[in-house]
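Novice: What follows is a structure written as structure tokens; I'll ask about it next.
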DNA sequence: CGCATATCTGTATAGCTATGCAGATATCGA
DNA sequence: TCGATATCTGCATAGCTATACAGATATGCG
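Have a look at this one:
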């Protein structure tokens, strides 16, 4: 809390910053709305059920709802709820074929994100063992 | 739910799969434990406060707790709680310097993950406008 | 040693959300 | 049109968790 920087507002002692310049600069660089959307994206991927669905779609390419529910071992209702969230966010896309709806990953970025994350996990795993 | 595949277990009608082979194959490919760790990682990044902290660290490189709390505009207590979770998960690292503790991103993968995600968001944003 | 500062931690709670049942909707086949 | 099938949706709730206050701990200074 000690003010050490030359530009520190010595007349306003309530503000407690160590590196006032850095705080100001970084505050300008980060966009609150963007950070919020970043969190929303990760939150979407941060549910075990949805993560397993995405993982399965990453491997399978395309699957209908009932096969997804069988693969991930969840009721179809739960799968449908999860898929709706993912679809609304643009993470997966659906293709209707008669009575069935096939889902797949929508975006190359998401695929890369999953790949990179798995790589990260496997890397840590290897180092730990 | 209609069984159309040749390997379908016709004597066990409770199982309702469209593409039995695909379900079996993908089930073998996805690792439940790995999917769980994947979700845990994303869950960690999926909180607005933690996302903003990581975003700030991505830009700043290294910051002490009080500067982080100022930049992200949260009480130091909240920053400390968030940083502990991130540190425990190996996402950030800390360096003690006297009374102060400086935090930075620990892993290149995480940095790439953040970069890629921001890229994804900005890409979508551009397409939408 | 005693005080100030920087960070951490215990705890309680308000708010969110994943989940699944029951029922609605949509499509196909006859 | 009628029944069967595949998916979707409304709703209630149990469980989780982010948050912040108060107090504990750790470090530096003199």
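Chains as they are written, first to last, in my numbering: chain A, 16 to 144; chain B, 16 to 144.
For glycine and all other residues, C-beta sits at the position ideal for the given N, C-alpha and C.
Remember, predicted model here, so these are calculated numbers, not experimental data.
Hey, residue 104 of chain A and residue 65 of chain A are a contact pair by Cβ (cut 8 Å); roughly how many whole angstroms apart?
Specialist: Residue 104 of chain A sits at position 89 when you count from the first residue of the first chain. Residue 65 of chain A sits at position 50 when you count from the first residue of the first chain. Contact doesn't hold; Cβ gap of about 10 Å is too wide.
Novice: So is residue 113 of chain A in contact with chain B if we call contact Cβ pairs under 8 Å?
Specialist: Locating residue 113 of chain A in the first chain gives position 98, where the first residue counts as 1. No, because no Cβ of chain B sits closer than 8 Å to the Cβ of residue 113 of chain A.
Novice: Note down the Cα distance separating residue 69 of chain A from residue 114 of chain B, rounded to an integer number of angstroms.
Specialist: Here residue 69 of chain A refers to the residue found at position 54 when the first chain is read from its first residue. Here residue 114 of chain B refers to the residue found at position 99 when the second chain is read from its first residue. Distance between the alpha carbons of residue 69 of chain A and residue 114 of chain B is about 44 Å.
Novice: Would you please verify whether the beta carbon of residue 75 of chain A is less than 8 Å from any beta carbon of chain B?
Specialist: If you number the first chain from 1, residue 75 of chain A lands on position 60. Cβ-Cβ to chain B under 8 Å: yes for residue 75 of chain A.
Novice: Taking the CB atoms as reference points, tell me whether residue 116 of chain B and residue 79 of chain B lie closer together than 8 Å.
Specialist: Translated into the one-based positions of the second chain, residue 116 of chain B becomes position 101. Translated into the one-based positions of the second chain, residue 79 of chain B becomes position 64. Cβ distance < 8 Å, so residue 116 of chain B and residue 79 of chain B count as in contact.
Novice: Rounding to the nearest angstrom, what Cα-Cα distance links residue 55 of chain A and residue 54 of chain B in this structure?
Specialist: Position 40 of the first chain, counting from 1, holds the residue named residue 55 of chain A. Position 39 of the second chain, counting from 1, holds the residue named residue 54 of chain B. Looking at the two C-alpha atoms, the distance is approximately 14 Å.
Novice: State the DSSP-derived secondary structure class of residue 107 of chain A, mapped to helix, strand or coil.
Specialist: Translated into the one-based positions of the first chain, residue 107 of chain A becomes position 92. Three-state result, residue 107 of chain A: strand.
Novice: Going along chain A in order, which residues have a C-beta closer than 7 Å to the C-beta of residue 89 of chain B?
Specialist: On the second chain, residue 89 of chain B is found 74 positions in, with the first residue counted as 1. Here the premise fails: no neighbours, minimum Cβ distance about 12 Å.
Novice: Of the residues B/139, B/52, B/40 and B/60, which one's Cα is nearest the Cα of residue 138 of chain A?
Specialist: To locate residue 138 of chain A, count along the first chain from 1; it is residue 123. It is B/52 whose Cα lies nearest to the Cα of residue 138 of chain A.
Novice: Is it right to say residue 21 of chain B is buried, meaning 16 or more other beta carbons lie within 10 angstroms of its own, or is it exposed?
Specialist: In the second chain, residue 21 of chain B corresponds to position 6, counting from 1. Model confidence at residue 21 of chain B stands at a pLDDT of 39, short of 50, so the residue's coordinates are unreliable; what they give is reported in the following sentence. Residue 21 of chain B should be labelled exposed.
Novice: List, in order along the chain, the chain B residues whose C-beta lies closer than 9 Å to that of residue 96 of chain A?
Specialist: Numbered from its first residue, the first chain carries residue 96 of chain A at position 81. The contacting residues do not exist; residue 96 of chain A stays about 16 Å from chain B at best.
Novice: Verify whether the separation of the beta carbon atoms of residue 35 of chain B and residue 86 of chain A is less than 8 Å.
Specialist: Locating residue 35 of chain B in the second chain gives position 20, counting from the first residue. Locating residue 86 of chain A in the first chain gives position 71, counting from the first residue. Going by C-beta atoms, residue 35 of chain B is not nearer than 8 Å to residue 86 of chain A.
Novice: Under 8 Å between the Cβ atoms of residue 72 of chain A and residue 119 of chain A?
Specialist: Stepping through the first chain from its first residue, residue 72 of chain A is reached at position 57. Stepping through the first chain from its first residue, residue 119 of chain A is reached at position 104. Yes, the Cβ-Cβ distance between residue 72 of chain A and residue 119 of chain A is below 8 Å.
Novice: Within 10 angstroms of its Cβ, does residue 76 of chain B collect 16 or more other Cβ (buried), or is it exposed?
Specialist: As a first step, residue 76 of chain B is located in the second chain; it is residue number 61 there, counting from the start. Classification for residue 76 of chain B: exposed.
Novice: Check residue 40 of chain B in the structure and name its three-state DSSP category.
Specialist: For the purposes of this step, residue 40 of chain B is taken as residue 25 along the second chain, with counting starting at 1. Of the three classes helix, strand and coil, the one that applies to residue 40 of chain B here is helix, per DSSP.
Novice: Would you kindly work out how many angstroms separate the C-alpha atoms of residue 84 of chain A and residue 93 of chain A, rounded to a whole number?
Specialist: Reading the first chain from its first residue, position 69 is the one you call residue 84 of chain A. Reading the first chain from its first residue, position 78 is the one you call residue 93 of chain A. Taking the straight line joining both Cα atoms gives about 8 Å.
Novice: Quick one: list the residues of chain A neighbouring residue 42 of chain B, beta-carbon separation under 7 Å, in chain order.
Specialist: On the second chain, residue 42 of chain B is found 27 positions in, with the first residue counted as 1. Per Cβ cutoff of 7 Å: 86.
Novice: Could you name the residues of the region 53–77 of chain B whose beta carbon sits closer than 7 Å to any beta carbon of chain A, in the order they occur along the chain?
Specialist: 53, 54, 56, 57, 58, 60, 61, 62, 63, 66, 67, 70, 71, 74 and 75
Novice: Measure the beta-carbon distance from residue 101 of chain A to residue 59 of chain A and round it to whole angstroms, keeping in mind my assumption that it falls under 8 Å.
Specialist: Start at 1 with the first residue of the first chain, and residue 101 of chain A comes out as number 86. Start at 1 with the first residue of the first chain, and residue 59 of chain A comes out as number 44. Indeed they touch by this definition, with Cβ atoms about 7 Å apart.
Novice: Under 6 Å Cβ to Cβ from residue 125 of chain B, same chain only, skipping five residues before and after it: list those, please.
Specialist: To locate residue 125 of chain B, count along the second chain from 1; it is residue 110. Taken in chain order, the residues that qualify are 106.
Novice: Using a Cβ-Cβ cutoff of less than 7 Å, which residues in the same chain neighbour residue 121 of chain B once the five nearest sequence positions on both sides are dropped?
Specialist: For the purposes of this step, residue 121 of chain B is taken as the residue at position 106 of the second chain. Contacts found: 105, 106, 107 and 108.
Novice: Contact criterion: CB-CB distance below 8 Å. Does residue 51 of chain B meet it with respect to chain A?
Specialist: As a first step, residue 51 of chain B must be located in the second chain, where it is residue number 36. At least one chain A Cβ lies under 8 Å of residue 51 of chain B.
Novice: Could you please give me the residues that DSSP links to residue 117 of chain B through a beta bridge?
Specialist: Position 102 of the second chain, counted from the first residue, corresponds to residue 117 of chain B. The beta-bridge partner set that DSSP reports for residue 117 of chain B consists of B/79 and B/110.
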